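The structure appears below as structure tokens.
Residue numbers (full-length UniProt numbering): 1 to 217.
Pasting the structure below:
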């Protein structure tokens, strides 16, 4: 048998590549659909704290549209009595002050007492939001939280908070440009799906075993 016959035929290799590309594409877009459907649904329920994930701060310390929408959503939940505390998570980005501090300023102007707000000002990623906010929450005895962010971001955010041992519900800030603009919504949702596929440990994170136990008051 000639040695060349041991190599895959070009036609077969091409078909295998097409099948693999198709499977990957279906996986990405299938997961993107799940990410989008998950993020659009309100899941807020009684919790120990509402955790608000930061977004861009504009020059002069002005909150971006996403930061404002997330904060306003958290204030709404607080005023509905969902949780007695708001935890604002986000460090200093391109423009100071920290995302957390800008959210605090906005929340207090909207009527939330400063003593009900807690800042986490060191995080610069979703993973750090979850890990550092979880450290703060543990000092408060809090285990059950509602996480607020843009819809496309909520599934990945929930998974990171689960990895840090928290029982998590989610609440979408729907009035953001990335959700209202169809092109932006598609782009960011697909981007999130790819990020989850690249981190299977995060994608497969489950709720903590004791999630059904009563939360701290």
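Just so it is clear, CB atoms sit at the ideal spot from N, CA and C, and this is done for glycine as well. All figures in this text were calculated on a predicted structure; none of them were measured in a lab.
Sequence-distant residues of the same chain with beta carbon closer than 8 angstroms to residue i, five excluded per side
i: residue 100; result: 54, 88, 89, 90, 91, 119, 120, 121
i: residue 59; result: 95
i: residue 134; result: 161, 164, 165, 166
i: residue 140; result: 48, 49, 85, 118, 216
Through-space distance from residue j to residue i, alpha-carbon basis
i: residue 243; j: residue 201; result: Only positions 1 to 217 of the chain appear in this structure, which leaves residue 243 out of reach.
i: residue 70; j: residue 188; result: 17 angstroms
i: residue 109; j: residue 166; result: 29 angstroms
i: residue 116; j: residue 85; result: 5 angstroms
i: residue 78; j: residue 173; result: 14 angstroms
i: residue 196; j: residue 203; result: 6 angstroms
i: residue 46; j: residue 82; result: 5 angstroms
i: residue 35; j: residue 154; result: 8 angstroms
i: residue 205; j: residue 184; result: 27 angstroms
i: residue 104; j: residue 152; result: 23 angstroms
i: residue 97; j: residue 61; result: 6 angstroms
i: residue 146; j: residue 11; result: 52 angstroms
Proximal residues to residue i (C-beta, below 6 angstroms), its chain only, five neighbours per side dropped
i: residue 29; result: none
i: residue 175; result: 69
i: residue 130; result: 160, 161, 164
i: residue 114; result: 108
Rounded Cβ spacing between residue i and residue j (contact assumed at less than 8 angstroms)
i: residue 238; j: residue 27; result: With the chain running from 1 to 217 in the structure shown, residue 238 is simply not present.
i: residue 169; j: residue 80; result: That pair is no contact at about 13 angstroms.
i: residue 190; j: residue 66; result: Wrong, their Cβ atoms sit about 18 angstroms apart, outside the cutoff.
i: residue 102; j: residue 63; result: 5 angstroms
i: residue 220; j: residue 123; result: Since the first residue of the chain shown is 1 and the last is 217, residue 220 is not available in this structure.
Sheet register partners of residue i (DSSP bridge)
i: residue 144; result: 167
i: residue 58; result: 62
i: residue 195; result: Answer is none; residue 195 lacks a bridge partner.
Contacts around residue i, its chain only, beta-carbon distance under 7 angstroms, and the 5 residues preceding and following it disregarded
i: residue 207; result: 162, 167
i: residue 73; result: 148, 171, 173
i: residue 156; result: 126, 192, 195, 196, 202
i: residue 198; result: none
i: residue 106; result: 63, 68, 71
message: So, does the stretch 169-183 touch the stretch 32-50, judging by three or more C-beta pairs under 8 angstroms?
response: yes
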